[in-house]
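Structure, as C-alpha cells:
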Amino acid sequence: MTPKESELFLKGSEIAGVPSDTLSKTRTNAIKDAEPAGEKLPLVVLSPGFTKPLSSLTSLAEELASRGYAVAGIDHTYESYVTTLSAGRVAECLACDSDTDPGFGTRVVQGRAADVSFVLDQLTAKWDGSGLIDRSRIAMVGQSIGGSAAMAAMVKDSRVRAGIDMDGSTYARIPKSGFSRPFMFIGSEQHVPGGNDSSWDRDWKLLAGWKRWIVVTDTDHQAFTDIPLVGPSLGIKPVYGVLPAKRSAEIARTYVAAFLDQHLKARRQPLLDKPSTQYPEVRLCPEN
1 MTPKESELFL KGSEIAGVPS DTLSKTRTNA IKDAEPAGEK LPLVVLSPGF
51 TKPLSSLTSL AEELASRGYA VAGIDHTYES YVTTLSAGRV AECLACDSDT
101 DPGFGTRVVQ GRAADVSFVL DQLTAKWDGS GLIDRSRIAM VGQSIGGSAA
151 MAAMVKDSRV RAGIDMDGST YARIPKSGFS RPFMFIGSEQ HVPGGNDSSW
201 DRDWKLLAGW KRWIVVTDTD HQAFTDIPLV GPSLGIKPVY GVLPAKRSAE
251 IARTYVAAFL DQHLKARRQP LLDKPSTQYP EVRLCPEN
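In this note's numbering, the protein residues as written are 1 to 288.
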C-alpha cells in the first residue's frame, strides 16, 4: 500500500494510535514488476470484502502465484476506503454510507460482476501479456461480499469456470434450473447449515455440479484475510477463542489451493473429500 492508501484505510477502519503510513511499510514476498514465469497459466481473480483493498488478500495471492497461477486482484472503485487510479488520483469510498439501503448487496455484486467481466476482457484480449493466460482455465475467489460476487460473476460470465465464496452471504440468484460449474463455500461458524445466514442453504440446493461446503471452527469473518495477520502491528488484540491468525491463514490458503488445483489443473485433491487429521478445525458439512 502507498502511504496515502495506508492513511485512508486506517482512518476508514477507525484504527488509531499507529503511524498513518504503517501499512505502507508492511513487508511481503512479492516483487514489483517481476517477470512472469511460463505462459498459458490458469487465472484466478480475487475480490476483497466491502471497504477492503485488494491488498487484504495479499498472502492468498502470493500463495497462488507461487503455485503457478496468474492472479488478478481487483480494487472495486468507490467501494474501498481507498483506490489509487491512474496518474496517482485517489478515489475514496462513496458507497460506504449506503450499505444499509434496501437491495444494497444485490446492486454491489452486480457491479462487481461487471468489473470482473471488464477485467477478463482486458486481460485475455487487450493486454500485451494476454498470452500469459489460459482462457479455458479461469476461476474466481472472493471474501465476504467478494465471495458473493464470485457467484454473481459466474452466473453472468461463462468464462469463470469455478468459484469460491469465503464467508460471504450470497445475493446473486442462481437460475432455478441449477448451476453446474464447481463451487465451494468456506466460512466461519456463522455459516453452518441451518445457521443465522440462510443464503448458503438456499444456494446449496441449486448447485448441481461439484460442490463443497466447509466450515472452519473458531474463526471469525476476517479470518480468511490478512487483517488478523497485521492486527498486532495495528494494536488490534487477538480475539479470545479464535484460531491464531497464522493458522487460519494456512487453512484458507491450503483449501483454496486444493480446490483450484483440482478444477483448473485436473489434480485430484483427497483433502476435499473427507475430514483431515492435519486440519481438525475444518468441518465438511454433512450435506456433502
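In this text, a Cβ means the ideal position worked out from N, Cα and C, and glycines have one as well. Keep in mind that this is a model prediction, so the values were computed, not measured.
Fewer than three beta-carbon pairs drawn from the stretch 203 to 215 and the stretch 30 to 49 are found closer than 8 Å, and the two stretches are therefore not classed as touching.
Around the beta carbon of V90, fewer than 16 other beta carbons lie within 10 angstroms, which makes this residue exposed. Of the residues assessed, A172 falls on the buried side of the cut-off, its CB having 16 or more other CB atoms within 10 angstroms. K52 is classed as buried because its beta carbon has at least 16 other beta carbons within 10 Å across all chains shown.
Secondary structure note for E92: its beta strand (DSSP E) is the uninterrupted segment 90 to 92. With respect to the C-alpha of Y255, the residue from P270, N196, S86, A95 having the closest C-alpha is P270. Assigned with DSSP and collapsed to three states, A61 falls in helix. Membership of I236 in any alpha helix (DSSP H) is not indicated, and neither H nor E is assigned to it by DSSP. Counting every other CB atom within 10 Å of its CB across the protein chains shown gives T225 a total of 16 or more, marking it as buried. Annotation: the continuous alpha helix (DSSP H) that includes S248 extends over 245 to 264. The way I'd put it, the stretch 117 to 130 doesn't touch the stretch 140 to 150; fewer than three beta-carbon pairs between them come closer than 8 Å.
Short of 7 Å from the beta carbon of R67, and not among the five residues preceding or following it, lie these beta carbons of its own chain, in chain order: A257.
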